[in-house]
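Numbering (this note's numbering), first residue to last: 10 to 330.
To start, the structure itself, in structure tokens.
What follows is the structure, encoded as structure tokens:
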């Protein structure tokens, strides 16, 4: 998938290599959850019907962060991950808008005239709650009116699971409460973080449970501190793992920022410096301080058994599906 940065004001559009005409999906797509996927798949479908390439437009950083909502410093899908998922859904092109305060002051009409039309938009696909332009005054209806005789607009209705609308907010709420399985159902895939293995304090090795200490590559939205059943992908191979996200209170009360470390089951090897994808499948227990190292080791053994049980069930479901 070819990706083009859109800077406003900046280089004139179209840029070299851009297609002359596209079917375009537009949105923040934070999480690329099942509702977002409906928008993307419909854009891909319309593009095939029209014999045109498909594209999506997203915004980086998240518009709500630029507008002062600091909770969006942490993201469900950093841009690099978002683009990978979008490509897997069949998109041909991605337009990444550099969202800043000046851009946020574009009126809805300016957004259409100065950003959309130069891209050669044939038709646009958006979610039902899409808004654009200064203070979000533009709506899907507004977009359809402004695009009249220039491009068509299709609005995708909300996607529901168990009677409730799927949204990025629901994904965040579930993760924040440790309801990993529920969050994954909304996403349509396991919640994933990516990071590089760095040298840690090597306490796990001394306890006979060596861990890969992972330095996260992006400011990911974090679930609560605790132990999780995870799978870890490295060089195309997937391994089961028990992950601890937290401050390791048995050893120290001084740490403030949580650390992600993973004990890979049935694995031996050197992973230092390697980049791993960690997929979260189930919450095992909250992080706690133990009275002794022996108590901690005993609990880790129980955690590993629970992780094997959880992941055996998850992986068997995937194989049967």
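The beta-carbon is built from N, C-alpha and C at its ideal position, and this holds for glycine as well.
| query | result |
| --- | --- |
| First and last residue of the uninterrupted beta strand (DSSP E) at residue 203 | 200-207 |
| Helix, strand or coil at residue 174 according to DSSP, with G and I counted as helix | strand |
| CB of residue 287 within 8 Å of CB of residue 201, strictly | yes |
| DSSP state of residue 59 mapped onto helix, strand, coil | helix |
| As assigned by DSSP and simplified to three states, the class of residue 297 | coil |
| Span separating the alpha-carbon of residue 124 from that of residue 161 | 16 Å |
| Three-way DSSP call (helix, strand, coil) for residue 13 in this model | strand |
| Length at least 4, wholly inside the segment 122-162: the alpha helix (DSSP H) runs in chain order | 149-155 |
| Proximity winner among 127, 47, 105 and 122, relative to residue 23 (alpha-carbon distances) | 127 |
| Collapsed DSSP secondary structure at residue 245 in the structure displayed | coil |
| Residue 90 burial status per 10 Å Cβ neighbour count (16 or more: buried) | buried |
| In DSSP terms, what residue 69 is bridged to | 107 |
| CA nearest to the CA of residue 97, picked from 10, 30 and 242 | 10 |
| Nearest residue (CA-CA) to residue 239, options 254, 229, 226 and 230 | 254 |
| Inter-residue Cα distance where the pair is residue 180 and residue 276 | 31 Å |
| Residues that DSSP places opposite residue 254 in a beta bridge | 235 and 269 |
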